[in-house]
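Trainee: I have a structure I would like to understand better, so I am pasting it below and will then ask my questions one at a time.
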Amino acid sequence: MSLSPTATEMLYGVGAGAQVVAVDDFSNYPPEAPMTDLSGFRPNLEAIAEYSPDLVVMSGNPDEIVSGLEALGIPTLVHSAALSLEDAYQQMRQVGAATGHSEEAEALVTSLQEEITEMVSRYEDIGQGLTFYHEISNDFFSATSGTFIGAVYGLFGLENIADAADPDGFGYPQLSAEYILESDPDLIFYGCAVWCGTTAESIAERPGWNELSAVGNGLLFEVDDDLSSRWGPRLIEFVRIISHTLEQVTNQG
């Protein structure tokens, strides 16, 4: 059983999909995952136990649930939020080991590493020194280099304007429109296209934003929220988005 969208994608990625009996209500990928109304944010011991799982994979700090499951003889695998690619790879290996798919997990990690290395080597020189703003929501929440999202951008040498706005190291500061305008990022990546209706056009229409370099140069790029917030096998698609962005920068030059 998985109570984490990232864990669900990892389970299927390492070849353990046939063993999955239930996933939480946010695990919308892959489509064949047996989604239920189980909550990963507020796990319910009785609801979980009804499925009699041999293993429950979850994230965060669900100490009370873990203790309850252990008392019932149900093993758990708990993952913290990844802060780097290496964290993500290690969690994939752990999922593989816990489900009897260690070889498949290692093959998956190797494949991801090889493709990412190739993309970074091709585009990191282009990314060096370019500034960017990653918009999580249209009230200007962003992610710093100390998060998984920021770490992926950092592979390409991109400079994150959110870093200077997070003195407490929270990782997800809320910026102001004035701060973003003053920072004048070279690139803008935006999520929340589905939930907030954000588009490149709506960003350009914000007061003063048409003066931004990224807007003037047409360098605004949608990033699917699921791709950037999950560190499972599809992290490769997030890396590809950044690569394609830098390729477009090259073509403009």
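Position 17 of the sequence shown, counted from 1, bears residue number 14 in the working numbering, the numbering being contiguous throughout.
All C-beta atoms in this analysis are idealised placements derived from N, C-alpha and C, irrespective of residue type, glycine included.
DSSP three-state call for F153: helix, strand or coil?
Mentor: Taking the first residue of the sequence shown as 1, we reach residue 153 at position 156. The answer is coil: DSSP assigns F153 none of H, G, I, E or B.
Trainee: Spatial neighbours of S74 within its chain, please: CB distance less than 6 Å, with the 5 preceding and 5 following residues excluded, ordered by chain position.
Mentor: What you label residue 74 is simply residue 77 of the sequence shown in a count that begins at 1. As written in the sequence, residue 74 is Leu, which differs from the Ser given in the question. Closer than 6 Å at the Cβ level, and outside the excluded window around L74, lie V54 and A95.
Trainee: Going along the chain, which unbroken runs of the alpha helix (DSSP H) with 4 or more residues stay wholly within the segment 24 to 77?
Mentor: Runs found: 42 to 46 and 60 to 68.
Trainee: Around the C-beta of L69, are 16 or more other C-beta atoms found within 10 angstroms, so that it is buried, or is it exposed?
Mentor: To locate residue 69, count along the sequence shown from 1; it is residue 72. Burial call: exposed.
Trainee: Helix, strand or coil for Q171, going by three-state DSSP, please let me know.
Mentor: Counting from 1 along the sequence shown, the entry for residue 171 is found at position 174. Strand at Q171.
Trainee: To the nearest angstrom, how far is the alpha carbon of T5 from that of S24?
Mentor: The residue labelled residue 5 in the question sits at position 8 within the sequence shown. The residue labelled residue 24 in the question sits at position 27 within the sequence shown. Cα to Cα, the separation comes out at about 6 Å.
Trainee: My parser needs the alpha helix (DSSP H) runs of 4 or more residues fully inside the segment 184 to 247; what are they?
Mentor: Taking only runs of at least 4 residues, the alpha helix (DSSP H) segments lying wholly in the segment 184 to 247 are 197 to 201, 210 to 213 and 222 to 226.
Trainee: Is D181 closer than 7 Å to S139 when the C-beta atoms are compared?
Mentor: One-based indexing of the sequence shown puts residue 139 at position 142. One-based indexing of the sequence shown puts residue 181 at position 184. Not a contact, by the Cβ cut-off of 7 Å.
Trainee: Is the separation between the beta-carbon of T141 and that of A159 shorter than 7 Å?
Mentor: On the sequence shown, position 144 is the one that residue 141 refers to. On the sequence shown, position 162 is the one that residue 159 refers to. Yes; because the gap between Cβ atoms is below 7 Å, this pair is in contact.
Trainee: If you follow the beta strand (DSSP E) that T128 is part of, which residue opens it and which one closes it?
Mentor: Walking along the sequence shown from the start, residue 128 turns up at place 131. First-last of the beta strand (DSSP E) with T128: T128 to E132.
Trainee: To the nearest angstrom, report how far apart A190 and G168 are at their CA atoms.
Mentor: For the purposes of this step, residue 190 is taken as the residue at position 193 of the sequence shown. For the purposes of this step, residue 168 is taken as the residue at position 171 of the sequence shown. Roughly 22 Å between the two C-alpha positions.
Trainee: Under 8 Å, with one C-beta from each stretch per pair, do the segment 196 to 215 and the segment 115 to 122 reach the 3-pair mark?
Mentor: Touching, no.
Trainee: Let me know the secondary structure DSSP gives V20 once reduced to three states.
Mentor: Position 23 of the sequence shown, counted from the first residue, corresponds to residue 20. Strand at V20.
Trainee: Report the rounded CA-to-CA distance for D109 versus D163, giving the unit in angstroms.
Mentor: Position 112 of the sequence shown, counted from the start, is the residue given in the question as residue 109. Position 166 of the sequence shown, counted from the start, is the residue given in the question as residue 163. Checking the displayed sequence, the identity of residue 109 turns out to be Leu instead of Asp. Taking the straight line from one Cα to the other gives about 30 Å.
Trainee: Are the segment 0 to 19 and the segment 90 to 105 touching by the rule of at least three beta carbon pairs closer than 8 Å?
Mentor: Enough Cβ pairs lie closer than 8 Å, so yes.
Trainee: Could you pull the DSSP bridge partners for S(-1) from this structure?
Mentor: Taking the first residue of the sequence shown as position 1, residue -1 is located at position 2. S(-1) is bridged to V20 and V54.
Trainee: When the distance is taken between beta carbons, is G229 closer than 7 Å to M7?
Mentor: The sequence position of residue 7 within the sequence shown is 10, counting from 1. The sequence position of residue 229 within the sequence shown is 232, counting from 1. Result yes, Cβ atoms of M7 and G229 sit closer than 7 Å.
Trainee: Quick check on F137: does DSSP put it in helix, strand or coil?
Mentor: In the sequence shown, counting from the first residue as 1, residue 137 sits at position 140. Reduced to three states, the DSSP call for F137 is coil.
Trainee: Give the C-beta separation of S1 and D21 to the nearest angstrom, bearing in mind that I take them to be a contact with Cβ-Cβ under 8 Å.
Mentor: On the sequence shown, residue 1 is found 4 positions in, with the first residue counted as 1. On the sequence shown, residue 21 is found 24 positions in, with the first residue counted as 1. Right, the Cβ-Cβ distance comes to about 7 Å (below 8 Å), so this counts as a contact.
Trainee: So I185 and Y150 are in contact, right, with Cβ under 8 Å, and what is the actual spacing, rounded?
Mentor: Within the sequence shown, numbered from 1, the residue matching residue 185 stands at position 188. Within the sequence shown, numbered from 1, the residue matching residue 150 stands at position 153. Not really, about 12 Å apart at Cβ, beyond 8 Å.
Trainee: Out of S56, A201, F153 and A174, which has the shortest C-alpha to C-alpha gap to I238?
Mentor: Within the sequence shown, residue 238 is the residue found at index 241, counting from 1. Closest option to I238, Cα to Cα, is F153.
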